[in-house]
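A.B. asks: Chains as they are written, first to last, in this note's numbering: chain A, 32 to 250; chain B, 32 to 250.
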DNA sequence: TTCGTTGGTCAACGCTTGTTGGCAAAGGTA
DNA sequence: TACCTTTGCCAACAAGCGTTGACCAACGAA
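#1: Keeping to the same chain, check which residues put their C-beta closer than 8 Å to that of residue 60 (chain A); ignore five residues upstream and five downstream.
#2: In its own chain, which residues sit with a C-beta less than 6 Å from the C-beta of residue 231 (chain B), not counting the 5 before and 5 after it?
#3: Starting from the C-beta of residue 176 (chain A), find all residues in its chain whose C-beta is less than 8 Å away, skip the five residues before and the five after it, and write them out in chain order.
#4: Please report whether the beta-carbon of residue 232 (chain A) lies at a distance below 7 Å from any beta-carbon of chain B.
#5: Work out the CA separation of residue 179 (chain B) and residue 105 (chain A) for me, nearest whole Å.
#6: Taking Cβ positions, are residue 116 (chain A) and residue 201 (chain A) nearer each other than 7 Å?
#7: Could you check whether residue 150 (chain B) and residue 147 (chain A) sit closer than 7 Å to each other, using their CB atoms as the reference points?
#8: What is the DSSP secondary structure of residue 189 (chain B), counted as helix, strand or coil?
#9: Taking C-beta to C-beta, are residue 166 (chain A) and residue 219 (chain A) nearer than 7 Å?
#10: In chain A, which residues lie with their C-beta within 8 Å of the C-beta of residue 150 (chain B)?
#11: Within its chain, find whatever has a CB closer than 7 Å to the CB of residue 156 (chain B); leave out the 5 residues flanking it on each side and keep chain order.
#12: Got a sec, what are the start and stop residues for the alpha helix (DSSP H) residue 200 (chain B) sits in?
#13: Quick one, which of B:58, B:158, B:216, B:171 has its alpha-carbon nearest residue 187 (chain B)'s?
#14: Evaluate residue 55 (chain B) with the Cβ neighbour count: other Cβ atoms within 10 Å of its Cβ, from every protein chain shown; 16 or more gives buried, anything less gives exposed.
#15: Excluding the 5 residues preceding and the 5 following residue 142 (chain A) in the sequence, name in chain order all residues of the same chain whose CB lies nearer than 6 Å to its CB.
#16: Report, in whole angstroms, the separation of the C-beta atoms of residue 191 (chain B) and residue 191 (chain A), which I expect to be a contact under 8 Å.
#17: Under 8 Å between beta-carbons, which chain A residues line up against residue 156 (chain B)? List them in chain order, please.
#18: For residue 67 (chain B), tell me which candidate among B:196, B:99, B:181 has the shortest Cα-Cα distance.
#19: Under a CB-based cut-off of 7 Å, is residue 222 (chain A) close to chain B?
#20: So which residues of chain A does residue 163 (chain B) contact, with C-beta pairs closer than 8 Å?
#21: Could you check whether the Cβ of residue 194 (chain B) sits closer than 7 Å to any Cβ belonging to chain A?
Okay, structure coming up:
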């Protein structure tokens, strides 16, 4: 009778039923939570700060979302909005995808927040795995030559996309953060394109033991 | 007279002078700190836990490293051990570098820790910027065609390397975490190779408005 | 020996955290 | 009207945090 009916985030993408008087408050909490999680990461985003931003009492957060993790789960429902690639010439999918993700990352800071939380919090990491598997996976399966390879190719794509987001938007490496959109797209598009559509490379490229010459010390 | 002589981490890579009786304790603290920061990130790695791991009192940590941030700074002196590429045929530098970074990331978890902290903590991010600028930068300048482009190329390389480390070692995306070393190298080496040595791509690849067809909803 | 320095423990401080329960006002329904 | 549910605030809790200062034991030089 206690843990019931407390957390009632609508699981359906289109809720629209049973409007409550507190809907605006709930939305305010969620918005503030997204902002704080994005800016500060999971641990430093305190419930008190989120409540302050939302203009309500911290105890309301508990009432509507159960606990901090419940709030995080509710606040991190993310839609990558992967575009349909049916109409795109297959040799352009790399550029289209890179452009899309740059747009997406610049549009709101929820994605940056997802990254911040995913790195330090196991629940956040699980969330990211789900999101990328469910949203990136199908698209990759649709454009890559062998569907059996789709998961691996998706992981490669994710690695480059996330890596760039990390360098540009989170760590703010000066060259990565200041490079122009167009230049970035021109560099990254062929990478994504290859991960998606190229044949599997042979694995013989690896030179035998050229790593760490050992004797050379200083330049 | 108080804030002096408390933090005395030797700034030189080879300390070796003035051995103190407490050196083993200092080393134990540092080792425990590295492990905790790597496993838990900055906020959740508590001084108390680190002290417990090191088998001493929390106040010792304060005495030897001033405060938590000082401890972090001392614990995060990272050497990427970038190999000398002078003897490597320039068309193999991509494979050599990818191999090296995989080795490096698997050898110890300090790099994973650096990533974890860099994402949530500004001091950690600054640290990563320094490390990559100082250690990756010169190497890139040595192998890329136009030295003026070196910083941007280094950022691109860092984005792919960090992205893979993120997906494989931190977020543990199933395909990225389970892919074989050799396959990973075969996929990533050409990317790094191109970022380092290829000519600048033209920026006309970008199709005009193919993003988000808007009318298509469901598959 | 004596004395100053160093290595280390202990107990506590002020503060912030997530979380809880009580209580008052507002709204809806009968 | 009366009653019950919802919405919200307030005050407090137990626990954990980084940090501090007092105090004791061991050492090294005088």
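For every residue, glycine included, the Cβ atom is placed at its ideal position computed from N, Cα and C.
C.D. replies: If we stick to the structure as given:
#1: Answer for residue 60 (chain A): 81, 82, 85, 87, 91, 92, 95, 96, 102, listed in chain order.
#2: none
#3: 228, 230
#4: yes
#5: 46 Å
#6: no
#7: Yes, the Cβ-Cβ distance between residue 147 (chain A) and residue 150 (chain B) is below 7 Å.
#8: helix
#9: No, the pair does not count as a contact, with Cβ atoms beyond the cut-off.
#10: 72, 146, 147, 150, 151, 197, 201, 202
#11: 149
#12: Element bounds for residue 200 (chain B): n/a, residue is neither H nor E.
#13: It is B:171 whose Cα lies nearest to the Cα of residue 187 (chain B).
#14: exposed
#15: Within the same chain, residue 142 (chain A) has close Cβ partners 136.
#16: 6 Å
#17: 201, 202, 203
#18: B:99
#19: yes
#20: 204
#21: yes
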